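Report on the following structure.
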Amino acid sequence: GDISAQLNDQKELERICLRIKNDRNPSVIVWIGTCTTEIVKMDLEGIAPKVEKQIGIPIVVARANGLDYAFTQGEDTVLAAMVHRCPEYKHCNTNRKEQKKPPHEFAMQKISSKESTFEQSQLTRFNLVLFGSLPSSVASQLSLELKRQSISVSGWLPSQKYSELPGLGENVYVCGVNPFLSRTATTLMRRKRCQLIGAPFPIGPDG
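Mapping of the sequence shown onto full-length UniProt numbering: position 183 corresponds to residue 183, and the numbering continues sequentially without gaps.
Right, here's the structure in full:
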């Protein structure tokens with residue numbers, strides 16, 4: 001029903017979320033507001049923490065003011081909001097020069113002709129997070145294909161479970177797997193200080 005027409009917005013939202021919890025048992029619930037607070041007279045950001053405490057499920061509020069953001073750019077809007085819930089990446093002490101190496105470090109490492117061994121440490125030297133909604137089977141296939149090219153994926157946004165959201169920070173590289181994720185990419189760079197890899201099709205916001 002029309003929640004804005006209810007006398008008590010919080011109770012109505014709590015009732016709907018409890019029904020979702022019983023039917024789906026999700027790890028997170030996303031509220032998408034298609035109008036500003038002044039128009040709908042409902043403070044979603046203020047209500048969310050209260051309902052979240054009552055039902056015991058995290059609630060992410062995504063502001064999509066206008067039909068364009070709500071429908072054609074819905075994925076971008078939700079992912080951008082979810083970035084703020086990602087934990088801060090805690091990096092271990094490594095060489096400063098290694099931390100500042102450019103993204104081409106993710107390129108395939110050649111096998112030494114003398115030793116005929118592959119340096120496995122290259123797979124985990126940097127943290128790479130891919131963002132964009134994909135079926136779990138496709139995400140697994142992509143991770144395996146990248147691993148064959150000596151590229152290790154440390155996390156996905158969104159993750160399969162809310163508790164598995166990737167750590168984000170200054171020393172984390174991010175790359176989009178779907179087009180039209182410019183809002184998420186901007187949030188990752190500005191809010192989390194991540195380093196964006198502009199990859200060609202089919203990976204990257206310009207794909």
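Glycine is no exception: its CB is placed at the ideal position from the N, C-alpha and C atoms. Source: prediction; values computed, not measured.
So, with DSSP's three-state summary, where would you put residue i?
i       : result
Tyr-173 : strand
Asn-178 : coil
Arg-15  : helix
Gly-74  : helix
Gln-149 : coil
Asn-8   : coil
Leu-165 : coil
Note down, in chain order, each residue of its chain lying with its Cβ closer than 7 Å to the Cβ of residue i, except the 5 sequence neighbours on either side.
i       : result
Val-153 : Leu-128, Leu-130, Ser-143, Leu-146
Lys-90  : Gly-167
Gly-132 : Gly-176, Val-177, Asn-178, Leu-181
Gln-54  : Glu-14
Leu-79  : Phe-131, Leu-157, Pro-158, Leu-181, Thr-184
Which residues in the same chain as residue i place their Cβ atom closer than 8 Å to its Cβ, once the five residues preceding and following it in sequence are excluded?
i       : result
Trp-31  : Leu-13, Leu-44, Ala-48, Ile-59, Val-60, Val-61, Ala-62
Arg-193 : Gly-169, Glu-170
Pro-135 : none
The beta strand (DSSP E) with residue i in it runs from where to where?
i       : result
Val-60  : 59-63
Leu-157 : 155-157
Val-28  : No beta strand (DSSP E) holds Val-28; DSSP gives it neither H nor E.
Phe-131 : 127-131
On the DSSP letters alone, give me the boundaries of the alpha helix (DSSP H) that residue i sits inside.
i       : result
Ile-197 : Unbroken run through Ile-197: none, as it is neither H nor E.
Gly-46  : 44-55
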